[in-house]
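Trainee: In the numbering used here, the protein residues as written are 83 to 270.
Before we start, here is the structure in question, set down as structure tokens.
So this is what it looks like as structure tokens:
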């Protein structure tokens with residue numbers, strides 16, 4: 083398995099529609115305002131989160147159960163910023179839609195800018211032939227409210243290409259998160 087470079091990422095985005103919308107370089111400013119960077123990096127792609135958030139709340143004293151998740155455990159927010167309460171978390175989705183090739187495994191990692199503030203992005207794989215908007219989870223590990231910025235960089239995708247196709251891709255097995263387009267809650 084080899085990690086893929088910026089040239090490969092750009093080629094796959096432009097010819098195979100692997101990332102849409104796609105930014106060929108690093109975007110660091112917009113209208114003179116500093117941004118948390120997004121776009122193509124040396125060996126990865128920095129994604130943005132959209133302005134749709136689900137912030138965890140325990141108003142109903144619910145038990146967090148991945149097999150039977152209660153949607154009432156979240157408050158929906160549509161905004162350019164999301165404030166995550168202390169020691170809580172929020173879900174968002176990427177602006178970018180991904181179509182992962184059949185011989186590629188993609189790993190989502192948090193950006194150090196957020197990690198240095200105690201905001202952790204869950205590490206998650208995008209399996210071969212998975213497609214959709216990535217649902218991101220932000221954990222606020224601090225005892226203070228934490229801010230996430232929509233339409234700015236929040237996580238980096240790394241692409242690893244195998245020298246052979248796996249026996250069963252995500253699409254082959256009919257994965258339950260295939261083609262997701264919004265912030266997607268756990269499915270049993």
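Backbone N, C-alpha and C fix where the C-beta goes; we use that ideal spot for every residue, glycine too.
Are the region 150–163 and the region 196–205 touching by the rule of at least three beta carbon pairs closer than 8 Å?
Mentor: In short, these stretches do not touch, since the Cβ pair count stays below three.
Trainee: Which whole-angstrom value is the C-beta distance of residue 185 and residue 210, which I expect to be below 8 Å?
Mentor: Contact flag correct, Cβ pair sits at about 6 Å.
Trainee: Could you tell me which whole beta strand (DSSP E) segments of length 3 or greater appear in the region 184–266?
Mentor: If we require 3 residues or more, the beta strand (DSSP E) runs fully inside the region 184–266 come out as 186–192, 201–203, 206–208, 213–222, 228–231 and 235–243.
Trainee: Find the nearest neighbour of residue 101 within the set 172, 197, 133 and 183, judged by alpha-carbon distance.
Mentor: Per the Cα distances, 183.
Trainee: Hey, would you say residue 193 sits closer than 8 Å to residue 88, going by beta carbons?
Mentor: Cβ atoms of residue 193 and residue 88: not closer than 8 Å.
Trainee: In terms of residues, what are the limits of the alpha helix (DSSP H) holding residue 182?
Mentor: From DSSP, residue 182 is part of no alpha helix (DSSP H); its letter is neither H nor E.
Trainee: Identify the continuous beta strand (DSSP E) that holds residue 115 and give its terminal residues.
Mentor: 115–123 is the span of the beta strand (DSSP E), which, as asked, contains residue 115.
Trainee: Between 157, 124, 228 and 159, which has its C-alpha nearest residue 169's C-alpha?
Mentor: Per the Cα distances, 228.
Trainee: Mind checking whether residue 195 and residue 118 have CB atoms under 8 Å apart?
Mentor: Result yes, Cβ atoms of residue 195 and residue 118 sit closer than 8 Å.
Trainee: Please report the straight-line C-alpha distance between residue 280 and residue 146, rounded to a whole angstrom.
Mentor: Outside the shown range of the chain (83 to 270) lies residue 280, about which nothing can therefore be said.
Trainee: Taking only beta-carbon atoms, is residue 155 less than 8 Å away from chain B?
Mentor: No chain B is part of this structure, which consists of one protein chain only.
Trainee: So what does DSSP say about residue 88, is it helix, strand or coil?
Mentor: Looking at residue 88 - three-state DSSP - the assignment turns out to be helix.
Trainee: How many angstroms separate the CA atom of residue 259 from the CA atom of residue 158?
Mentor: Between residue 259 and residue 158, the C-alpha separation is close to 20 Å.
Trainee: Is it true that the CB of residue 155 sits closer than 8 Å to the CB of residue 138?
Mentor: Contact: yes.
Trainee: If you run the structure through DSSP and keep just helix, strand and coil, what is residue 106?
Mentor: If DSSP states are grouped into helix, strand and coil, residue 106 belongs with coil.
Trainee: If you draw a straight line from the C-alpha of residue 106 to the C-alpha of residue 144, how long is it?
Mentor: Approximately 44 Å, taken between the alpha carbons.
Trainee: Taking only the alpha-carbon atoms, compute the straight-line gap between residue 140 and residue 165 and give it to the nearest angstrom.
Mentor: When rounded, the distance between both Cα atoms is 16 Å.
Trainee: Would a C-beta distance cut-off of 8 Å place residue 218 and residue 205 closer than the cut-off?
Mentor: No. Outside cutoff.
Trainee: Taking only three categories from DSSP, how would you classify residue 111?
Mentor: Correct three-state label for residue 111: strand.
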